[in-house]
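2 protein chains.
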Amino acid sequence: MDKLNIIKIGGNIVENEAALGNFVRNFSNLEGKKILVHGGGKIASKLANDLGIEAKMIHGRRITDLETLKIVTMVYAGLANKTIVALLQANKCDAIGLSGADGNTIQTTKRSVKDIDYGFAGDMTAKSINGKRIQSLLNIDLCPVFSAITHNGDGQLLNTNADTIASALAVGLAPYYDISLIYCFEKKGVLKDIDDDESVIKHINASNYQSLKEQGIIADGMIPKLDNAFEALSLGVKKVIIKHASDLTDQQAGTIINE
Amino acid sequence: MDKLNIIKIGGNIVENEAALGNFVRNFSNLEGKKILVHGGGKIASKLANDLGIEAKMIHGRRITDLETLKIVTMVYAGLANKTIVALLQANKCDAIGLSGADGNTIQTTKRSVKDIDYGFAGDMTAKSINGKRIQSLLNIDLCPVFSAITHNGDGQLLNTNADTIASALAVGLAPYYDISLIYCFEKKGVLKDIDDDESVIKHINASNYQSLKEQGIIADGMIPKLDNAFEALSLGVKKVIIKHASDLTDQQAGTIINE
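If you're matching them up, the sequences are chains Y and X in order. Residue numbers for the first sequence follow UniProt numbering, beginning at 1 and rising by one. Residue numbers for the second sequence follow UniProt numbering, beginning at 1 and rising by one.
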């Protein structure tokens, strides 16, 4: 099986010209097949603000009304995606920017309304990832660059969480590739001591995860991230890595999570 | 040689929901390999206006300063392109939206400053079209949908005229395909009498073009369009058709131009 790296970066890198330039150089130097998934939330919030549209967030998730959907489509699939692709091309990485509508690569369903109406938010299903189509792009030596916009197959674009897209891609492509899923982060990895940036936990597996949680070393926002990582591993992904974006090409850096 | 239809639509179709829906159904029904090129200028002007940025036009061409480049990238490559792709997917056309940066499909050079500084405007060269890459996408049964954004290969996105992209694609792909270049238009074709929408000239070739010009039947803005058409024909394109968007699937409709 070919190796495939799936790498996710957040809006904090996308909107910082120096950080993005540095990341793009490192990413281009990674050998073998690779996919990039990017956010862009802060630029979208700024644009919404400039247009006098209030960004509505509940539990860290954006409420996507129709005006907001237009804005995130413009920012994520337009400005952020094409800026990244042009920079990758300048670094000799043959990138192709995609939303989930492009090549019908990712089809989601509009989140159903329970307590909260999230608006035009797309949720993944087991069939969301079109593995054959993505494989056909990798086979002609293209590097897919996914923005966090998907579609429902019926003409509706949907705003979708970029972390979720990255892990769904990893799981959906696991039948075809030996996959490393790499989350780039503003820290050097999962930290033992939140106040010590050098206290990276090198290795987490199912058995030490339990004790790290019981000791309170892993808590709060890190728990859902790691739960998602273990779920991806249980569904065929080989390893999940959490590391700083600037350490991308350093094989030893970050926290490596496997079963 | 396989046949390839290259179809260009303007912003007037893109921004009109009913017209776009109708066009997308017709386009999806066209058999064989096809490429769509679209504008989106009016939506960009509206967004610029909402953001308090003045749209600057000279001789019908937009002056693209850095803020305007961001807007056209958001609107053309983001909102317009992904809206069209999602609608095509809903109509079972396996579309993939592209800027010239994606797959390095179209590389242009920044227009040099003479009397007017057009800013971040991209001009085509003889080598702009990456025919092999576009062919590789058509070969895996994708339908490329080009927005009017290109890049210079050095990380800079550039705003590029959609009519020019369509004719450059036709010429650049002429070595590989038997090409029909179709400009969709708000009239039913080139008219004998500008006040009579039914007075379509069915057929123009090099010899009757000369006499139509001498009689003043073809004048003004139509002359550069037809000059461009004859240039494309001289460079290997099989035929150029000017017709109304709603007549797309009617083989007899519009004005057919050949040598």
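A virtual CB, placed ideally from N, CA and C, is assigned to each residue, including glycine. Predicted, not measured: the structure shown is a model, and the values here were computed from it.
Secondary structure of residue i, DSSP reduced to three states
i	result
X:S180	strand
residue 306 of chain X	Residue 306 of chain X lies beyond the stretch modelled for chain X, which goes from 1 to 259, so this question has no answer here.
X:A162	helix
X:N130	coil
Y:L137	helix
Y:G119	strand
Y:Q107	strand
X:T150	strand
Y:T83	helix
Y:L248	coil
X:A253	coil
X:V145	strand
Y:I13	helix
residue 262 of chain Y	The shown model of chain Y, from 1 to 259, leaves out residue 262 of chain Y, and the question about it has no answer.
Y:G216	coil
X:V200	strand
X:I223	helix
X:V240	strand
X:A174	coil
Y:N5	strand
Y:A206	helix
Y:L88	helix
Y:L235	coil
Y:A101	coil
Cβ neighbour criterion (16 or more within 10 Å) applied to residue i
i	result
X:K82	buried
X:M1	exposed
Y:D102	buried
Y:K8	buried
Y:V200	buried
X:T125	exposed
X:L66	exposed
Y:G32	exposed
Y:S180	buried
Y:I194	exposed
Y:G112	Reading off the sequence, residue 112 of chain Y comes out as Ser, not Gly. It counts as exposed.
X:N49	exposed
Y:S147	buried
Y:P144	buried
Y:S167	buried
X:I223	exposed
Y:A80	buried
Y:A229	buried
X:N152	buried
X:S99	buried
X:G221	exposed
Cβ-Cβ distance between residue i and residue j below 8 angstroms
i	j	result
X:T64	X:G119	yes
Y:T73	Y:L173	no
X:L30	X:L169	no
X:K34	X:Y177	no
X:I217	X:K192	yes
X:A77	Y:G78	yes
Y:A55	Y:R61	no
X:K92	X:S45	no
X:T160	X:G122	yes
X:I204	X:I241	no
Y:V37	Y:A162	yes
X:E259	X:L226	no
X:V171	X:L235	yes
X:I140	Y:S128	no
X:A187	X:D196	Per the sequence shown, residue 187 of chain X should be read as Lys rather than Ala. Against a cut-off of 8 angstroms, the Cβ pair of X:D196 and X:K187 comes out as no contact.
Y:L47	Y:V75	yes
Y:L51	X:L51	yes
Integer Cβ distance of residue i from residue j, believed to fall under 8 angstroms
i	j	result
X:Q89	Y:N104	5 angstroms
X:I182	X:N26	Rounded, the Cβ-Cβ distance is 11 angstroms, inconsistent with contact.
X:A95	X:A245	X:A95 to X:A245, Cβ: 17 angstroms. No contact.
X:Q107	X:T164	With 8 angstroms as the limit, X:Q107 and X:T164 do not qualify as a contact, their Cβ atoms being about 14 angstroms apart.
X:I53	X:I116	Not a contact, Cβ separation roughly 19 angstroms.
X:T255	X:K202	7 angstroms
Cutoff 8 angstroms: residue i Cβ touching any chain C Cβ
i	result
X:M1	Looking for chain C here will not work: the only protein chains present are Y and X.
**OP:** Identify every run of the alpha helix (DSSP H) within the region 27-81 of chain Y, keeping only runs that are complete inside it and at least 4 residues long; order them along the chain.
**Re:** 41-50 and 66-72
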